[in-house]
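Some notes on the structure that comes next.
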Amino acid sequence: MKSLKIKSGFFFTALGLIVSSQLVGCASVSNGTTSAIKIDTLSKDGRSVSGARCELSNDSGTVSLTTPGSVIVHRSSSDLKITCTKDGFDPASGTATSRMTGSFYGNILIGGGIGMIVDHSNGSAYNYPEWMQLVMGSNLFFDRRNSADNLPTPSTSIANGTVDAQPASGMNTVQQNQAASAAAPTSIRVGQSSKEIEKLAEQQSCKSEQGAGLVSQNGPTKEDYKINCIDGRQLAAHCEYRQCTLSPATSTQ
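If you're matching positions, the sequence shown starts at 15 in the working numbering and goes up one per residue.
This is the structure in C-alpha cells:
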C-alpha cells in the first residue's frame, strides 16, 4: 500500500509539472498579455487637438491618458472602447476591434487545446490597433487589419458605415476620410477574413471591384460576408476561426 501511494504521488506531481510547463510555454507563444496604444485627437477639419483626456476600457479594466500620448492596455477578446473629452469640444469616441493574433493559430498547432484556452482566457490571443486618431465630435471604428507600419490606423465612421481608404503617407484620419469620400462613392466594411474570401471567389471565377464585405459578426471568431461579382452574381460566405465556406447568396426579393 505504501508503494502504491508513493507511485501515485509521483504520477500526480509529474502530471502537474507537465501541465504547468505547457501552460507557461503556450502563453509565451502569443507575445504577452498587454499592448501599447497611441492616441491622438483631432478637430473635424484635421487640426491636432492636444490635452484631451481619454479613457480606454475593456473587460479587463480602464486606463487613461492625455493626448497626444500612449498607454499600456491589457489585451482581451472584447473590443476596446475609447472616449476623449476636452472643454470647448464635443466628446470623441471610438471602438477598437479585438482581433486574434497570427501567433494564436500557431499556438494551436504547438500547444494544442491547452494553449488555445490559456491564450483566450488571459487575452494574449488578441490585439488592438497600435495607433488611433479620434476626431472630436465623431464616433469612429478602428480595425487593426487595416493598419500599416508607422501610420495611424484608418477609421470607419460608425454613423454611416463607410470605410476609409488605406492610409497614405502624411495623412491623418480626417484627410483619409476626405480621400475615401472622393475616391469611393460606395464602400464596404472590411473583416478579418475578407482577403481569404476574395481568393475563394476568384477560384469560382468571381471578380469583384469592391471585395468581400462584412455583413455580421458573432464574437471574434464567427463572421458572415457577401461579395458582388462583376458578372452580376452575389456570393455569401460564413467563416469560423478563419475557415470560410462560399455559396450563392440567398435572394432577399
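Ideal Cβ positions, reconstructed from N, Cα and C, are used throughout, including at glycine.
Taking the alpha-carbon positions, what's the glycine 205 to threonine 81 distance? What you label residue 205 is simply residue 191 of the sequence shown in a count that begins at 1. What you label residue 81 is simply residue 67 of the sequence shown in a count that begins at 1. Their Cα atoms are separated by approximately 29 angstroms.
Going by DSSP, what residue range makes up the beta strand (DSSP E) through leucine 70? Along the sequence shown, read from residue 1 onward, the residue named residue 70 stands at position 56. First-last of the beta strand (DSSP E) with leucine 70: 67 to 72.
Best match in Ala162, Asp157, Cys68 for proximity to leucine 228 [C-alpha to C-alpha]: In the sequence shown, the residue the question calls residue 228 occupies position 214. It is Asp157 whose Cα lies nearest to the Cα of leucine 228.
Rounded to a whole number of angstroms, what is the C-alpha to C-alpha distance between phenylalanine 103 and threonine 259? For the purposes of this step, residue 103 is taken as residue 89 along the sequence shown, with counting starting at 1. For the purposes of this step, residue 259 is taken as residue 245 along the sequence shown, with counting starting at 1. Rounded to whole angstroms, phenylalanine 103 to threonine 259 spans 46 angstroms at the Cα level.
Do you know offhand how far serine 208's Cα is from glutamate 254's? Along the sequence shown, one-based indexing puts residue 208 at 194. Along the sequence shown, one-based indexing puts residue 254 at 240. Taking the straight line joining both Cα atoms gives about 13 angstroms.
Nearest by alpha-carbon distance to threonine 109: which of Arg247, Leu154, Asn141 is it? As a position in the sequence shown, residue 109 is number 95, starting the count at 1. Comparing Cα positions, the closest option is Leu154.
Using the C-alpha atoms, what's the distance from serine 171 back to asparagine 160? Along the sequence shown, read from residue 1 onward, the residue named residue 160 stands at position 146. Along the sequence shown, read from residue 1 onward, the residue named residue 171 stands at position 157. Using only the alpha carbons, I get a separation of about 14 angstroms.
Give the secondary structure of leucine 214 by DSSP, where H, G and I count as helix, E and B as strand, and everything else as coil. Within the sequence shown, the letter at position 200 stands for residue 214. The answer is helix: DSSP assigns leucine 214 an H, G or I state.
Just reading off the beta strand (DSSP E) that methionine 146 is part of, what are its end residues? Here residue 146 refers to the residue found at position 132 of the sequence shown. Where methionine 146 is concerned, the enclosing beta strand (DSSP E) stretches over 145 to 149.
Report yes if the CB atom of glycine 151 is closer than 8 angstroms to the CB atom of alanine 106, and no otherwise. To locate residue 151, count along the sequence shown from 1; it is residue 137. To locate residue 106, count along the sequence shown from 1; it is residue 92. A contact, by the Cβ cut-off of 8 angstroms.
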